[in-house]
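What follows is a set of notes on a single structure, which appears directly below.
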Amino acid sequence: MKNKHLIAIFTLGVISLSACRNTENINASTTDSTIAQTIPDTATVNRGGDISAFMQEAVIDGMMQMELGKLAAQKSTNKLIKRFAEVIVKDQTKTVTDLKALAASKSIALPTALPAADLKHIEELKNMDVAAFEKHYIGMMIKDNAAAMDLYKAASVTGDAKIRSFATKALRMSERHFKRAGEINGNAGY
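Residue 172 in numbering that gives the first Met the number 0 sits at position 173 of the sequence shown; the count goes up by one each step and never skips.
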């Protein structure tokens, strides 16, 4: 009698497990086909986003990093930060100049001044004591270059060859700046 109950329980368990498996398989195949139906074909989509918006964001980022670099080169007492800031100014000046030329060739108007919020932030940084400024500046360079890398990665897959080329070069620059800012941050113990 016990054997019959055990066999019945075992059989019910096997049936339950296989029913669960079948449900999972049905759900998985339903989910897969639903996903396939909802994902658009991106072969013809500009995966780099709106070129004008990209250029505007990139030029503001470049101008902001230039201004912050000038301030850091002037205000910082840390030789590593001063040298890093000088590199930032040099690299971003070239990048912004190249970007402006590229935008002009595509008849895209770019901002010529930083937004008021960025100018206000720069003024606040001018009033910080040196140690607080250095820590804040390096933190900003890490954060801003991480965001710039995302921006340039997205633009590096655009259908426009000139934009792709520019974005790829700018991406490499941002990667170098990000890495160097991280090293300085680690050395300074911020």
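Every residue gets a Cβ at the ideal spot worked out from N, C-alpha and C, and that includes glycine. Please read all numbers here as calculations on a predicted model, not as lab measurements.
Cβ neighbours of residue i in the same chain (closer than 7 Å, five flanking residues each side left out)
i: residue 148; result: 170, 173, 174, 177
i: residue 152; result: 170
i: residue 181; result: 141
i: residue 144; result: 173, 176, 177, 180
9 Å Cβ cutoff met for residue i and residue j
i: residue 140; j: residue 59; result: no
i: residue 165; j: residue 98; result: yes
i: residue 50; j: residue 107; result: yes
i: residue 94; j: residue 146; result: no
Proximal residues to residue i (C-beta, below 6 Å), its chain only, five neighbours per side dropped
i: residue 117; result: 63
i: residue 90; result: 172
i: residue 76; result: 129
i: residue 68; result: 84, 87, 88
i: residue 187; result: none
i: residue 78; result: none
Three-state class that DSSP yields for residue i in the structure shown
i: residue 144; result: helix
i: residue 124; result: helix
i: residue 105; result: coil
i: residue 157; result: coil
i: residue 84; result: helix
i: residue 96; result: helix
i: residue 113; result: coil
Sequence-distant residues of the same chain with beta carbon closer than 8 Å to residue i, five excluded per side
i: residue 179; result: 83, 86
i: residue 71; result: 80, 81, 83, 84, 87, 132, 133, 136
i: residue 113; result: 59, 62, 63, 66, 121
i: residue 138; result: 184, 189
i: residue 155; result: 47, 163, 166, 167, 170
Minimum C-alpha distance to residue i - residue among the options
i: residue 103; options: 154, 125, 55; result: 55
i: residue 161; options: 95, 93, 101, 91; result: 101
i: residue 189; options: 150, 163, 130, 144; result: 130
i: residue 126; options: 187, 53, 181, 74; result: 74
i: residue 111; options: 156, 168, 96, 154; result: 96
i: residue 105; options: 167, 159, 168, 186; result: 159
Boundaries (first-last residue) of the alpha helix (DSSP H) holding residue i
i: residue 60; result: 50 to 74
i: residue 164; result: 160 to 187
Residue i CB to nearest heavy atom of the ligand PLP below 8 Å
i: residue 184; result: No copy of the ligand PLP appears in this structure; indeed no ligand is present at all.
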